[in-house]
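So the sequences go chain by chain: A and B. Residue numbers for the first sequence follow numbering that gives the first Met the number 0, beginning at 0 and rising by one. Residue numbers for the second sequence follow numbering that gives the first Met the number 0, beginning at 0 and rising by one. The beta carbon of each residue, even a glycine, is placed where N, CA and C say it ideally should be. What follows is a set of notes on a single structure, which appears directly below.
There are 2 protein chains.
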Amino acid sequence: MDAQEYLAACLPRVDHALDEALPSASEPPARLHAAMRHLIFPGGKRLRPALALAAAEAVGGDADAVLPAAVAVELVHVYSLVHDDLPCMDDDVERRGRPTVHVAFDEATAVLAGDALLTAAFGALVAGATERDAAARALAVRDLAHAAGAAGLVGGQIDDLAGAFDSAAAVESVHTRKSAALIAAAISTGARLAGASEAQLAVLHAAGIATGIAFQITDDLLDADEDEGCSLVRVIGEAAARERAQALLDSALEQIADLGARAEPLRALLRYAVQRKL
Amino acid sequence: MDAQEYLAACLPRVDHALDEALPSASEPPARLHAAMRHLIFPGGKRLRPALALAAAEAVGGDADAVLPAAVAVELVHVYSLVHDDLPCMDDDVERRGRPTVHVAFDEATAVLAGDALLTAAFGALVAGATERDAAARALAVRDLAHAAGAAGLVGGQIDDLAGAFDSAAAVESVHTRKSAALIAAAISTGARLAGASEAQLAVLHAAGIATGIAFQITDDLLDADEDEGCSLVRVIGEAAARERAQALLDSALEQIADLGARAEPLRALLRYAVQRKL
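Laid out in structure tokens, this is it:
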């Protein structure tokens, strides 16, 4: 199973579902809607949505039934990019070769577009809920709120802004919350909507956290020439960081070894997340 | 039934539930947690939570069972204040006699605290969900996301910032989305978690929208000396605005006339929301 082929196969379904979940840019307030869509289309590889779909397959579920989870995690991911790019945070003017939202529009619109994307994520996660799957949807909302909130993404970002990463543990704590929590939520909410057991969810979540930390260490390795910020390479050096990423990936794959052949797409994506471009 | 007594009676239960829903200010990241709590404690009158509890009583439900809705709408309300106060939006330095969050902390922390409050709202709305009430929780998430997102609160705020309110319809469109949507969501999510029928939810929501617009017109009347912003008083004059608020309140009370005596606390709160300080 080739990860890039799997990503390419997921992309049109995910993009269609994202388009359906977002208000049209031709309807008022058009400026807000255009700003919400600015970083979504064209988007990236849609790694998190693909992880949700692959996790559903890994537990024998129907990938189409978990599109709400795929959409929700991508909307949370993009909202976090929009807010992280703001002048009061990372003050980035360009992303993927295009102006960031506050540059293309203005700062207030970027704050509000991020707010609307985060809100839309939770709306998307329960869209079309039925009596049969309502309990899984409610638990998915709980899991996504945990991954995205003060205990996850937002808490990781505030510690990242505060600096002071003098130990591998401090760096990995930020990586866990700022990157790994949402990657793990993509996998676990996808599997949850596909009917995974609590035991399956526990190993899938653990595999997601390990892979998510390794994913971020890969970013540290790719940006090794930058001499500031939260980076494991700066604290323990390139060779040790590379070893740590591989060990985390190995442990993630071991966690989900029992899921058998139908978890091959998920395994391919986990390998890809850590080994891309290296 | 006296509205102020009802508000005072709800307050300790709501404040306790809010405290439980938020991370402790003594746990890391302490600065984020303190910023999240800055506008929550001490808070306002908790009108929206009280509306959720009164709506539950109005349909014969248990008020304690709907505390998740009461907490969620207050968290959304406070998140919206934190972001609206930002320098790039209304640039307010003081609220209720205390420095706003971006003044007491900093701008990045205020953006992130708002993000975390919004996320916590959805987490609170599904906290403790059971198989029995999961469907109602999922629908409450849908309703709150609709009220808070691009079609509601966020869309109203972006149009408010853009200005140009040359007709009563344009003013009321902003009032509907920026104020009334969340007031209506407080009432309808409270009633939903209390087991209201779809027919009851429809009239309660309509009553909430009418009262929410009238609530905002009351604000316009109280701030009638301010000569800018989205205000019905500026467009149609004080007397006509006062008449319009009363007509909206009358229509709200008529909508819920069939709910009988157990809806008296809700009726008292709706009257209070429109007639306070006038």
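Selection from the options that minimises the alpha carbon distance to residue i
| i | options | result |
| --- | --- | --- |
| B/F214 | B/L17, B/D158, B/R47, B/S23 | B/R47 |
| B/R94 | B/G113, B/Q245, B/H37 | B/H37 |
| A/C82 | A/D61, A/L116, A/L50, A/L52 | The displayed chain sequence assigns His, not Cys, to residue 82 of chain A. Per the Cα distances, A/L116. |
| A/H174 | A/Q245, A/T217, A/Q274 | A/T217 |
| A/V65 | A/A49, A/Y78, A/A34 | A/A49 |
| B/G228 | B/A107, B/Y78, B/F164, B/E56 | B/F164 |
| B/R136 | B/A195, B/L31, B/L10, B/A24 | B/A195 |
| A/V72 | A/D14, A/M0, A/A205 | A/D14 |
| B/A360 | B/A205, B/G259, B/A167 | Any property of residue 360 of chain B remains undetermined from this structure, which presents chain B solely from 0 to 277. |
| A/A244 | A/I208, A/G42, A/A24 | A/I208 |
| A/A29 | B/A62, B/G154, B/G42 | B/G154 |
| A/G43 | A/I255, A/A57, A/P11, A/D63 | A/P11 |
| A/D142 | B/D142, B/R233, B/G127 | B/G127 |
| B/S166 | B/V232, B/Y5, B/S187 | B/V232 |
| A/L5 | A/A33, A/M35, A/F104, A/A51 | It should be pointed out that residue 5 of chain A corresponds to Tyr in this sequence rather than to Leu. When each option's Cα is compared against that of A/Y5, the closest is A/A51. |
| B/L203 | B/A33, B/A57, B/S25 | B/A57 |
Residue i: contacting residues in chain A (beta-carbon distance under 9 Å)
| i | result |
| --- | --- |
| B/E130 | A133, A134 |
| B/G194 | Per Cβ cutoff of 9 Å: no residues; B/G194 is ~14 Å from chain A at best. |
| B/A69 | Residues of chain A passing the Cβ test: none, with the nearest at roughly 17 Å. |
Residue i versus residue j: straight-line alpha-carbon distance, rounded
| i | j | result |
| --- | --- | --- |
| B/A7 | B/Y271 | 13 Å |
| B/G236 | A/A144 | 45 Å |
| A/L269 | A/L252 | 8 Å |
| A/P86 | A/A223 | 24 Å |
| A/Q3 | B/H76 | 43 Å |
| A/D219 | B/Q156 | 38 Å |
| B/A161 | B/V102 | 24 Å |
| A/L277 | A/K177 | In this prediction, A/L277 scores a pLDDT of 49, lower than 50, which makes its location untrustworthy; the coordinate-derived value is nonetheless stated afterwards. Roughly 22 Å separates the two Cα atoms. |
| B/R191 | B/A55 | 8 Å |
| B/E106 | A/D257 | 47 Å |
| A/A169 | B/L111 | 20 Å |
| A/P27 | B/A147 | 16 Å |
| B/V92 | B/D84 | 7 Å |
| B/L17 | A/A193 | 33 Å |
| A/L200 | A/A240 | 28 Å |
| B/G211 | A/G122 | 22 Å |
| A/C9 | A/D89 | 31 Å |
| A/A246 | A/A262 | 20 Å |
| B/P98 | A/A183 | 38 Å |
| A/A185 | A/A69 | 7 Å |
| A/D158 | A/E171 | 11 Å |
| A/D132 | B/V125 | 14 Å |
| B/A120 | A/S230 | 32 Å |
| A/L221 | B/A150 | 40 Å |
| B/A19 | A/D1 | Position check: residue 19 of chain B holds Glu in this sequence, whereas Ala was assumed. Approximately 46 Å, taken between the alpha carbons. |
| B/A139 | A/G189 | 21 Å |
| B/L152 | A/R275 | 40 Å |
| B/V273 | A/G59 | 55 Å |
| B/L181 | A/T118 | 13 Å |
| A/G197 | B/T129 | In the sequence under discussion, the amino acid at residue 197 of chain A is Glu, which differs from the Gly named in the question. Answer to the nearest angstrom: the Cα atoms are 15 Å apart. |
| A/S79 | B/E242 | 44 Å |
| B/S23 | B/G113 | 16 Å |
| B/A134 | A/G96 | 43 Å |
| A/P264 | A/I39 | 24 Å |
Contact set between residue i and chain A, taken where Cβ atoms lie within less than 7 Å
| i | result |
| --- | --- |
| B/H145 | G122 |
| B/G148 | A115, T118, A119, G122 |
Chain B contact residues for residue i, given Cβ-Cβ distances below 8 Å
| i | result |
| --- | --- |
| A/I157 | P28, R30, L31, A107, T108, L111 |
| A/A126 | R141 |
Test: residue i CB closer than 8 Å to a CB of chain C
| i | result |
| --- | --- |
| A/L117 | Annotation note: the requested chain C is absent from the structure, which comprises protein chains A and B. |
Chain B contact residues for residue i, given Cβ-Cβ distances below 7 Å
| i | result |
| --- | --- |
| A/G154 | P28, L31 |
| A/D249 | Residues of chain B passing the Cβ test: none, with the nearest at roughly 30 Å. |
| A/D114 | H82, L117, V153 |
Under 8 Å by beta carbon: chain A residues contacting residue i
| i | result |
| --- | --- |
| B/A137 | V125, A128, A133, R136, A137, V140 |
At a CB distance below 7 Å, what residues from the segment 81 to 106 of chain B approach chain A? Give them in sequence order. H82, L85, C87, M88, E106
Output, in sequence order along the chain, the residues in the segment 174 to 189 of chain A whose CB is closer than 8 Å to any CB in chain B. none
Between the segment 32 to 52 of chain A and chain B, which residues of the former have a C-beta closer than 7 Å to a C-beta of the latter? H32, M35
Let me know the alpha helix (DSSP H) ranges lying completely inside the segment 8 to 58 of chain A, each 4 residues or longer, listed in chain order. 29 to 37, 46 to 57
Listed from N- to C-terminal order along the chain, which residues in the segment 14 to 33 of chain B have their beta-carbon within a distance smaller than 9 Å of any beta-carbon of chain A? L21, P22, P27, P28, R30, L31, H32
Could you give the uninterrupted runs of the beta strand (DSSP E) lying entirely in the segment 146 to 206 of chain A, keeping only those of 3 residues or more? none
Chain A contacts made by the segment 213 to 229 of chain B, where a contact means CB separation under 8 Å: none
Which ranges does the beta strand (DSSP E) cover as unbroken runs of at least 3 residues, wholly within the segment 224 to 248 of chain A, from first to last along the chain? none
Output needed in chain order: residues of the segment 159 to 171 of chain A with a Cβ under 9 Å from some Cβ in chain B. L160, A161
If you scan the segment 50 to 103 of chain A from start to end, which runs of the alpha helix (DSSP H) of 4 or more residues do you find wholly inside it? 66 to 83, 100 to 103
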